[in-house]
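First comes the structure, then the notes that go with it.
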Amino acid sequence: MTVRVAVTQERHADETRVAVTPEAVKKLIAAGFEVAVEAGAGAAASYPDADYAAAGAEVANTLAATLKDAQVLFKVRAPSPEEIAALPSGAIVMAMLNPYQDKASLKALAEAGATAFAMELVPRITRAQVMDVLSSQANLAGYRAVIEGAQAYGRALPMMMTAAGTIAAAKVFVMGVGVAGLQAIATARRLGAVVTATDVRPATKEQVESLGAKFLAVEDEEFKDAQTAGGYAKQMSPEYQAKQAALVSEHIRKQDIVITTALIPGRPAPRLVSAEQVASMRTGSVLVDLAVEQGGNVEGARLGEVVQAGPAKIVGIANMPGRIAADASALYARNLTAFAGLLVKDGALQPDLEDEILKASLVTHGGQIVHPALKEG
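If you read the sequence shown in numbering that gives the first Met the number 0, its first letter stands for residue 0, the second for the next number, and so on.
Written as structure tokens, this is what we have:
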């Protein structure tokens, strides 16, 4: 029996990525899957229907035809109500479900009898690295943040020595040194900026310095114990935050571009830059808030907008990886393809829900929301 995978259009506003690329279709078919792709699903990411057909996928003209007999649904974002209604009973859904914020979609998936996996919850263990969608997408977001910041800044990033005079290098400050932050540092350095970075996790200091940037932090005892076993930043005490804010305030007013990337799973994004700090910056400076979809690191950031806040612009672009849709889709599709391999045994759909990767990312099953952190009550 062949396992049928469906890939539908993304119906979330402004989503340009697609869950499967033609390259991934070939790999899935080679692994024994059958793939149906809704017509136009890859158009916004520059993957035409003809390429999917050439790779061996069935290109279906309607949503109903795409989902007919589907056992697994690949998505970037949570399925729309229309898609959930058309899902075959017992189908498996793999997507970035935004589980802590989008409870309505989880409830709808549970009521539809779907077994849903939130790809954001894949554990950060060695075996799951190839399935880590947060890292694959954050990497591109960090790169794009620098490009967007440079565009909004309106001046050159590298030092330029010309017959007419010298242009000083721009100063770029990266706040939060996870995957996105490290890529932002590397990109800004490649473009010739003078780069500094800060993070509450002590392990990041060496990473920052290895990329040729300078590390900035209050390095006290709390700082030395500021990382969880899973590699995430802990919520810092108000006392530490005050000390760090004072250090950052002095530094930030001298910067040309500030990029903030700090997120804490399941919580609103921590506030890193206050309105007062924004007001202290140079005229023409720019802040790029990569956490704007989770409430924002920068006071005054607005989702989907670039706003003028006194002397500085605050860039609140949503879905930064979607600005590089072709590459973001390619990486995401590889993540899903690897994850799908865990669902099949002896050519049949037999997910072992006790497997540590599947168990950690399973959110709905048997008509209920089953993830411990997401259960109501």
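Think of the CB as a built atom: it goes at the ideal place given N, C-alpha and C, for glycine as much as any other residue. Computed from a prediction, not measured in an experiment: that's the story for all the values here.
>> As a quick exercise: from Val-121, Lys-233, Asn-138, pick the residue whose alpha carbon is nearest that of Met-130.
In response: Here the closest residue by C-alpha is Val-121.
> If we ignore side chains and look at the alpha-carbon of each, how far apart do Asn-97 and Thr-165 end up?
Replying inline: The straight-line gap from Cα to Cα measures roughly 47 angstroms.
>> Quick check on this structure: which residue in Ala-49, Ala-111, Ile-356, Val-343 has the alpha carbon closest to the alpha carbon of Arg-3?
In response: Out of Ala-49, Ala-111, Ile-356, Val-343, Val-343 has the C-alpha closest to the C-alpha of Arg-3.
>> Rounded to whole angstroms, what is the Cα-Cα separation between Gly-376 and Ala-85?
In response: Per-residue confidence for Gly-376 stands at a pLDDT of 48, beneath the threshold of 50, marking its modelled position as unreliable; no derived number is given.
> Is Thr-7 buried or exposed, if buried means 16 or more other CB atoms sit within 10 Å of its CB?
Replying inline: Classified as buried, Thr-7 has 16 or more neighbouring CB atoms from the shown chains inside 10 Å of its CB.
> How is Gly-366 classed by DSSP in three states: helix, strand or coil?
Replying inline: Gly-366 sits in coil when the DSSP states are folded into three classes, being neither helix nor strand.
> Start and end of the beta strand (DSSP E) containing Ile-251?
Replying inline: Segment 237-251 is the alpha helix (DSSP H) holding Ile-251; no beta strand (DSSP E) there.
> Can you pull the DSSP bridge partners for Gln-307?
Replying inline: Its beta-bridge partners are Lys-312.
>> Ignoring anything shorter than 4 residues, give me the alpha helix (DSSP H) runs that lie fully in the stretch 175-226, in order along the chain.
In response: List check, alpha helix (DSSP H) in window: 178-189, 203-209, 220-223.
> My guess is that Arg-189 and Ser-79 are in contact by the Cβ rule of under 8 angstroms, so how many angstroms apart are they, rounded?
Replying inline: A Cβ-Cβ separation of about 39 angstroms leaves Arg-189 out of contact with Ser-79 under the 8 angstroms criterion.
> Can you tell me whether DSSP reads Ala-42 as helix, strand or coil?
Replying inline: Helix, per DSSP.
>> With a threshold of 7 angstroms on Cβ separation, who are the neighbours of Gly-309 within its own chain once the five nearest residues in sequence on each side are excluded?
In response: Closer than 7 angstroms at Cβ, skipping near neighbours: Val-277, Ala-278.
> For Leu-27, which option in Val-257, Val-297, Phe-338, Ala-140 has the closest C-alpha, if you only look at C-alpha atoms?
Replying inline: In terms of Cα proximity to Leu-27, the closest of Val-257, Val-297, Phe-338, Ala-140 is Phe-338.
> Relative to the C-alpha of Leu-139, which residue among Thr-114, Ala-347, Thr-186, Gln-100 is closest?
Replying inline: Put simply, of Thr-114, Ala-347, Thr-186, Gln-100 the residue whose alpha carbon is nearest the alpha carbon of Leu-139 is Thr-186.
>> Quick check on this structure: which residue in Ala-30, Pro-237, Ser-248, Ala-18 has the alpha carbon closest to the alpha carbon of Val-36?
In response: Selected option, being the one with the closest Cα: Ala-18.
>> Runs of 3 residues minimum, wholly inside the stretch 60-116: which ones carry the beta strand (DSSP E) assignment?
In response: Those beta strand (DSSP E) runs which fall completely within the stretch 60-116 and span 3+ residues are 71-76, 91-95.
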